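Q:
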Amino acid sequence: TQMRTWSRQIAIGMRYLYSRGVEHRDLKTSNVLLGHNDSCKISDFGLARCEELKSRQSSTSRRHGAVGTLPFMAPEVLEASGFSEKSDVYSYAMTLVEIVSRTLPWKGLTEKQIMMQVAMKKNHPELPADTP
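Numbering (the UniProt record's numbering), first residue to last: 1 to 132.
#1: Should Tyr16 go down as buried or exposed, given a rule of 16 or more other Cβ atoms within 10 Å for buried?
#2: Whole angstroms is fine: what's the gap from Arg49's alpha carbon to Arg25's?
#3: So what's Val77 in DSSP terms, helix, strand or just coil?
#4: Starting from Leu96 and walking both ways along the alpha helix (DSSP H), at which residues does that stretch end?
#5: Residues in the same chain with beta-carbon distance under 8 Å from Ser58, minus the five sequence neighbours each way, listed in chain order, please.
#6: Spatial neighbours of Lys107 within its chain, please: CB distance less than 6 Å, with the 5 preceding and 5 following residues excluded, ordered by chain position.
#7: Under 8 Å, with one C-beta from each stretch per pair, do the segment 100-114 and the segment 79-91 reach the 3-pair mark?
#8: Does the Cβ of Lys28 have 16 or more other Cβ atoms within 10 Å, making it buried, or fewer, making it exposed?
#9: From which residue to which residue does the alpha helix (DSSP H) around Leu17 run?
#10: Less than 7 Å between C-beta atoms, sequence neighbours within five positions excluded: which residues of the same chain meet that for Leu70?
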């Protein structure tokens, strides 16, 4: 199906970025561009980090700090424990939640409520009953 195609292409794109030492750090549906023949491309690298650049930065500034878009941010990012490949995988999962459910993860919650659900309670957003 179309959703499966997009999910696979996003995963392949993320794998490619990591093979080149790039952390996206803000993966979300609005940063995935749809093209012809159900193709999609990852975009908006404004918060991305490259391994080569990270090696030149101090260890405290290169991976810590909350960056990204709140409904897609991993628990460790919200806790200011740092950013890793796992953080992008979490953002990928939240992107899939939105693609499949056609609803923004954590829709209807305030920023504080989202942080509580993700960072403190380690919950995941519920999918609507009519989600395929």
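Beta carbons are placed, not taken as given, at the ideal position from N, Cα and C, and that holds for glycine.
Bear in mind that the values here come from a model prediction, so they are computed numbers and not experimental data.
A: This is what the structure holds:
#1: For this step, residue 16 is matched to residue 16 along the sequence shown. Taking every protein chain shown into account, the CB of Tyr16 has fewer than 16 other CB atoms within 10 angstroms, so this residue is exposed.
#2: Along the sequence shown, one-based indexing puts residue 49 at 49. Along the sequence shown, one-based indexing puts residue 25 at 25. Approximately 8 Å, taken between the alpha carbons.
#3: Sequence index remark: in the sequence shown, residue 77 carries index 77 (1-based). Note: Val77 maps to helix in three-state DSSP.
#4: Translated into the one-based positions of the sequence shown, residue 96 becomes position 96. Here the alpha helix (DSSP H) through Leu96 covers 85-101.
#5: Residue numbering aside, residue 58 sits at position 58 when the sequence shown is read from its first letter. Reliability of the predicted coordinates at Ser58 is poor, the pLDDT of 43 falling under 50, and the value obtained from them is presented with this limitation in mind. Non-local C-beta neighbours of Ser58 in its own chain, meaning closer than 8 Å and more than five positions away in sequence, are absent.
#6: Start at 1 with the first residue of the sequence shown, and residue 107 comes out as number 107. Nothing listed; no residue qualifies.
#7: Contact between the segment 100-114 and the segment 79-91 is absent, because fewer than three Cβ pairs lie under 8 Å.
#8: Translated into the one-based positions of the sequence shown, residue 28 becomes position 28. Counting Cβ neighbours within 10 Å, Lys28 comes out buried, since at least 16 surround it.
#9: Within the sequence shown, residue 17 is the residue found at index 17, counting from 1. Note, Leu17: alpha helix (DSSP H), 2-19.
#10: As a working mapping, residue 70 is identified with position 70 in the sequence shown. If we look at Leu70 and ignore the five residues flanking it on each side, its Cβ neighbours are Glu111, Ile114.
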